[in-house]
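Q: Before I ask anything, here is the structure I am working with.
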Amino acid sequence: METFTTRNGQWLTVRPLTEDDAPLLVDLFRRLSPNSRYQRFHIPMEHVSDETIWQGASDMAHVDQINQVALIALLASDEGEQVAIAVARAHRQPGGTEAEAAIVVRDDFQSQGVGRQMLGYLVNAAVAVGITTFKGYVQADNHQMLHLLQTIGLQYSQHIEHAEAYVLIQLHEVPAKGSAGAVPPRR
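Numbering-wise, the sequence shown is residues 67 to 253 according to my numbering.
Dropping the structure here:
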């Protein structure tokens, strides 16, 4: 388990996603704007049935942390409940070294350094299980993600296909940061 602070000073806890997190994923999905849903899933998802949301959350929460690496960022609410703020995941074919990767951050936490932190933690978790490359599509108008790729310090290539950028990212361990700009002391 890791912790970091957002640019506006909120503490988040990051840990591996578990089967018990399906309700947190449902809540996160419901809090995403239509644009954030589109940026993440690449299709319009404005009117989705509760059954579909729950099935998708249940499927996403089943990870083995070897071929499907997934992390969740949580905020403790005023009532002491954990609230999902972001999810980062990578999925590879068994035995492969390339994985499709995706990150989603709740709208009210975007531009707070959460995506950068989650990508760093996801890279480290992936490298630890032998994944060497992330691949995936990014909407060409997803300027935040494209900017993140340019500034995270990982070698990557991209080419535009229609309205999407196909991205390949070469992985190496990323130093953990305790906040949006400071490296935490060693514990």
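The beta-carbon is built from N, C-alpha and C at its ideal position, and this holds for glycine as well.
Can the beta-carbon of G181 be found less than 8 Å from the beta-carbon of L214?
A: Working through the sequence shown from its first residue, we reach residue 181 at position 115. Working through the sequence shown from its first residue, we reach residue 214 at position 148. Yes, these two residues count as a Cβ contact at 8 Å.
Q: Would you list the one or two residues that DSSP bridges to A152?
A: Position 86 of the sequence shown, counting from 1, holds the residue named residue 152. Bridge partners of A152: A139, V171.
Q: Roughly how many whole angstroms lie between the Cα atoms of M126 and G219?
A: Mapped onto the sequence shown, residue 126 falls at position 60. Mapped onto the sequence shown, residue 219 falls at position 153. Taking the straight line joining both Cα atoms gives about 28 Å.
Q: Considering only residues of the same chain and omitting the five flanking positions on each side of N74, which have a CB-CB separation below 7 Å?
A: As a working mapping, residue 74 is identified with position 8 in the sequence shown. Excluding positions up to five away in sequence, the list reads Q178.
Q: Between which two residues does the alpha helix (DSSP H) containing G186 stretch?
A: One-based indexing of the sequence shown puts residue 186 at position 120. Its alpha helix (DSSP H) spans residues 180–194.
Q: Do F200 and A136 have their CB atoms nearer than 8 Å?
A: Within the sequence shown, numbered from 1, the residue matching residue 200 stands at position 134. Within the sequence shown, numbered from 1, the residue matching residue 136 stands at position 70. Against a cut-off of 8 Å, the Cβ pair of A136 and F200 comes out as no contact.
Q: The alpha helix (DSSP H) that contains P89, what's its start and end?
A: Numbered from its first residue, the sequence shown carries residue 89 at position 23. That run of the alpha helix (DSSP H) goes 88–97.
Q: Here's a check: name, in chain order, each residue in its chain whose Cβ is nearer than 8 Å to the Cβ of E230, leaving out the five neighbours to either side.
A: Against the sequence shown, residue 230 aligns to sequence position 164. Once the five neighbours on either side are set aside, the close Cβ partners of E230 are H108, Y203, V204, Q205, A206.
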